[in-house]
Amino acid sequence: RLEKVQSKAVKEYFRAKADFINAFTYLRMREMDLKGMPLSGLLVPGGKLNPRDWKKVSENPDRLLHLFRRFGESVQIALAHALADRKALPALERAADDYLLGLFRPYRNEPFAIEVLPGHLLALEREAAAVRLILAGKRSRFDPSLIRERLREAYVR
Numbered sequence: 001r002l003e004k005v006q007s008k009a010v011k012e013y014f015r016a017k018a019d020f021i022n023a024f025t026y027l028r029m030r031e032m033d034l035k036g037m038p039l040s041g042l043l044v045p046g047g048k049l050n051p052r053d054w055k056k057v058s059e060n061p062d063r064l065l066h067l068f069r070r071f072g073e074s075v076q077i078a079l080a081h082a083l084a085d086r087k088a089l090p091a092l093e094r095a096a097d098d099y100l101l102g103l104f105r106p107y108r109n110e111p112f113a114i115e116v117l118p119g120h121l122l123a124l125e126r127e128a129a130a131v132r133l134i135l136a137g138k139r140s141r142f143d144p145s146l147i148r149e150r151l152r153e154a155y156v157r
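In this note's numbering, the protein residues as written are 1 to 157.
Structure, rendered in structure tokens:
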């Protein structure tokens, strides 16, 4: 379906989103030690990585670092930490979200670019999620540093 889409940012968004979802699925399965369960049945189609790539990742988890190079340094660092420590998965999710929103950031001031619309919608979603996170964290008396750690990058930066 993405073949007809002309926007490179929109295409990359959906491909990257699928790859990130598959990575989170893999990391959670690995955390639960579900080695007997085939990963192929849980993969979301549409990413740049195919089922053969994910099979290789399940055999050698460090391969994921190589395959995710295209997402930049912050995702690489967060992924390396998530591979080493399961508690670092929220940081990887944050880095992934920041990468995805960053795809639309260059277009935010171009009034006639189609990329403005998904960028704006993602920014509104992110703002609402930030408000919910802050309110829930304060209500539960979480340490402010824990709340700050889970907040995503702002779109207007």
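Glycine is no exception: its CB is placed at the ideal position from the N, C-alpha and C atoms.
Predicted model only: the values in this text are computed from it and were never measured.
{"query": "Tell me whether the beta-carbon of L34 lies closer than 8 Å to the beta-carbon of P61.", "result": "no"}
{"query": "Starting from N109, trace the alpha helix (DSSP H) in both directions and tell me its first and last residue.", "result": "No alpha helix (DSSP H) contains N109, which DSSP labels as neither H nor E."}
{"query": "For Y99 versus G137, is the C-beta spacing smaller than 8 Å?", "result": "no"}
{"query": "Between A123, G47, G102, A78, which lies nearest to F14 when the distance is taken from Cα to Cα?", "result": "G47"}
{"query": "Does DSSP classify R137 as helix, strand or coil?", "result": "The sequence as given places Gly at residue 137; Arg does not occur at that position. Three-state DSSP puts G137 in a helix."}
{"query": "So, at 8 Å on beta carbons, what are the nonlocal neighbours of M29 in its own chain, with the 5 sequence-adjacent residues on each side left out?", "result": "M37, L39, L42"}
{"query": "Mind checking L146: buried by the 16 CB within 10 Å criterion, or exposed?", "result": "exposed"}
{"query": "Just checking my contact of E149 with L101 at CB under 8 Å: how many whole Å lie between their CB atoms?", "result": "Actually they do not touch by this definition, with Cβ atoms about 18 Å apart."}
{"query": "Taking 8 Å as the cut-off, decide whether the C-beta atoms of F104 and E115 are in contact.", "result": "yes"}
{"query": "Taking the alpha helix (DSSP H) that K17 falls in, what are its first and last residues?", "result": "8–31"}
{"query": "From L135 to F142, what does the alpha carbon distance come to, in whole angstroms?", "result": "10 Å"}
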